[in-house]
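Take a look at the structure below.
There are 2 protein chains.
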Amino acid sequence: MLKRVISYAHELMETTVNPGETVVDGTCGNGKDTLFLGKLVGQTGHVVGFDIQADAIANTKALLEQEEVKNAHVIHDGHEHVEHYFKKYKVESIGGAIFNLGYLPGSDKSVITTPTTTIQAIDTLVAYLKKGGLIVLVVYHGHPGGDTERDALFNHLSKLEQRQFNVLQYGFINQKNSPPFILAIEKK
Amino acid sequence: MLKRVISYAHELMETTVNPGETVVDGTCGNGKDTLFLGKLVGQTGHVVGFDIQADAIANTKALLEQEEVKNAHVIHDGHEHVEHYFKKYKVESIGGAIFNLGYLPGSDKSVITTPTTTIQAIDTLVAYLKKGGLIVLVVYHGHPGGDTERDALFNHLSKLEQRQFNVLQYGFINQKNSPPFILAIEKK
Numbered sequence: 344m345l346k347r348v349i350s351y352a353h354e355l356m357e358t359t360v361n362p363g364e365t366v367v368d369g370t371c372g373n374g375k376d377t378l379f380l381g382k383l384v385g386q387t388g389h390v391v392g393f394d395i396q397a398d399a400i401a402n403t404k405a406l407l408e409q410e411e412v413k414n415a416h417v418i419h420d421g422h423e424h425v426e427h428y429f430k431k432y433k434v435e436s437i438g439g440a441i442f443n444l445g446y447l448p449g450s451d452k453s454v455i456t457t458p459t460t461t462i463q464a465i466d467t468l469v470a471y472l473k474k475g476g477l478i479v480l481v482v483y484h485g486h487p488g489g490d491t492e493r494d495a496l497f498n499h500l501s502k503l504e505q506r507q508f509n510v511l512q513y514g515f516i517n518q519k520n521s522p523p524f525i526l527a528i529e530k531k
Numbered sequence: 344m345l346k347r348v349i350s351y352a353h354e355l356m357e358t359t360v361n362p363g364e365t366v367v368d369g370t371c372g373n374g375k376d377t378l379f380l381g382k383l384v385g386q387t388g389h390v391v392g393f394d395i396q397a398d399a400i401a402n403t404k405a406l407l408e409q410e411e412v413k414n415a416h417v418i419h420d421g422h423e424h425v426e427h428y429f430k431k432y433k434v435e436s437i438g439g440a441i442f443n444l445g446y447l448p449g450s451d452k453s454v455i456t457t458p459t460t461t462i463q464a465i466d467t468l469v470a471y472l473k474k475g476g477l478i479v480l481v482v483y484h485g486h487p488g489g490d491t492e493r494d495a496l497f498n499h500l501s502k503l504e505q506r507q508f509n510v511l512q513y514g515f516i517n518q519k520n521s522p523p524f525i526l527a528i529e530k531k
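If you read the protein sequences in the order shown, they are chains A and B. With the first sequence counted from 1, adding 343 to any position gets you the working numbering. With the second sequence counted from 1, adding 343 to any position gets you the working numbering.
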């Protein structure tokens, strides 16, 4: 059966991330991916998670506590500042990263991820990404401003040097309401 | 690791086609997919393969003979006439189908698949496709006329009713020379 977008994003992480690695959740949101990543890297690994919304940080921390996952740094700041925190936590390499681009479900739809900061974060992360590692972007683009971010990302990622990176697009083309799709960056 | 387009097309077939089923190779070409499908459905299954070029038919038959695969009908006709042959061979249902859309590698680049006949074949095949089955199109579009077929397919398949079908796009966006990508139709 063809995998739904979220399942496929998780499968991609599962097949490339190893226990003990550091991984990044670029957009903690409700914390589901932070939790998923925390379990994936296990007690010897770490998650560095970001969100600019206090609600998202609170929800994520609550979920991790409830599930007794203790290996995550949940940071109330924009993902474009990731390098600052990598230095703080002495992160030298990452096993992968996930971003859910758009707005926080169930929250203020005017607070959205934006192309400039998203691309800044990605450009920083690819330098830290291990060979064979993936940065998986789940691109929600049905909200106001979503098409701008989608197009900017497409434009930027389609220019990534093909000798160094593979950039995969995975999505369903016959669904209404602009469903999310995946852009996955693999470091060769 | 992110799967290359051809590997992913085969993986999709492997996860949905069962031994004993009838499957279709819409474009035999050099016979590689006909052979792959023949092995996949085994001695109790059948492949119905099409090509409009005599060279392709000869190459495919030679490859199957060499590999001692004997369960394929290799038909020198266009895939748009598939229903005629289904009646002839009493095919009532198919487990899946593959098309490589474009031109025969190493042959005359002016002989290409065309949107009208391709779409006609697909529309016939979805009626025979089992639930959960896939029609996988590997879309080559870098040759003259390739963009027209790509756009027509996209337009047609994006309108397939989402309650009945999932239509997946899978491809790499940062490669030069218009690499092929996958469009996969899943019957729900």
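Glycine residues also receive a C-beta, built at the ideal position from the N, C-alpha and C atoms.
Residue from the options with nearest C-alpha to residue i
i	options	result
K473/A	N402/A, Q409/A, R347/A and K530/A	K530/A
G381/A	F524/A, K413/A, D451/A and L496/A	K413/A
D490/A	P522/A, A401/A, E504/A and K502/A	P522/A
D368/A	L378/A, I525/A and A397/A	L378/A
K375/B	S350/B, V360/B, T365/B and A470/B	S350/B
N373/A	I400/A, V390/A and D466/A	I400/A
H422/B	E410/B, A527/B and A440/B	A440/B
I418/A	E408/A, G488/A, Y483/A and D394/A	D394/A
N517/B	I525/A, K404/A, G514/A and F508/A	F508/A
H424/B	V479/B, F515/B, I478/B and L468/B	L468/B
T359/A	Q386/A, L503/A, I478/A and G485/A	I478/A
Y471/A	I525/A, L407/A, F515/A and Y428/A	Y428/A
N402/B	T457/B, L503/B and S450/B	S450/B
L511/B	I528/B, V348/B, Q505/B and P487/B	I528/B
Q505/A	E426/B, E504/B and F515/B	F515/B
F442/B	V390/B, K452/B and K430/B	V390/B
N520/A	S501/B, L526/B, N520/B and T460/B	S501/B
V536/A	K346/A, R347/A and G438/A	Shown here, chain A extends from 344 to 531; a query on residue 536/A therefore has no answer.
L503/B	G488/B, P487/B and L526/B	L526/B
K452/B	P487/B, K430/B and Q386/B	P487/B
Residue range of the alpha helix (DSSP H) that includes residue i
i	result
T491/B	G489 to L500
K375/A	K375 to V384
Q518/B	Neither: Q518/B is in no alpha helix (DSSP H) and is coded neither H nor E.
V360/A	Taken as a continuous stretch (DSSP letters only), V360/A belongs to no alpha helix (DSSP H), as it is neither H nor E.
Y428/A	V425 to K431
L407/A	A397 to Q409
Status (buried if at least 16 other CB within 10 Å, exposed otherwise) for residue i
i	result
M356/B	buried
P448/A	exposed
Y432/B	exposed
T370/B	buried
A464/A	buried
D494/B	exposed
G476/A	buried
H405/A	Here residue 405/A is Ala; the residue named in the question, His, does not match the sequence. Result: exposed.
G445/B	buried
E410/B	exposed
T365/B	buried
G485/A	exposed
Rounded distance between the beta-carbons of residue j and residue i, thought under 8 Å
i	j	result
A309/A	V434/A	Any answer about residue 309/A is impossible in this case: the structure gives chain A only from 344 up to 531.
I462/B	H499/B	5 Å
G388/A	G363/A	5 Å
Y513/B	Y513/A	5 Å
L407/B	A397/B	In fact, because the Cβ distance is near 16 Å, the residues do not count as touching under 8 Å.
E426/B	T457/B	About 18 Å; that fails the 8 Å criterion.
F524/A	V348/A	6 Å
Which residues DSSP lists as bridging residue i, in chain order
i	result
G392/B	D368/B and V417/B
Y446/A	I455/A
V481/A	N443/A and I525/A
Y513/A	I525/A and Y513/B
K530/A	F508/A
G349/B	Note on identity: in this sequence residue 349/B is Ile, with Gly being the wrong assignment. DSSP, once it has assigned bridges, lists no residue as partnering I349/B.
I437/A	L472/A
Contact list for residue i against chain E, beta-carbon separation under 7 Å
i	result
V510/A	Judged by its chain identifiers, the structure shown contains no chain E, and its protein chains are A and B.
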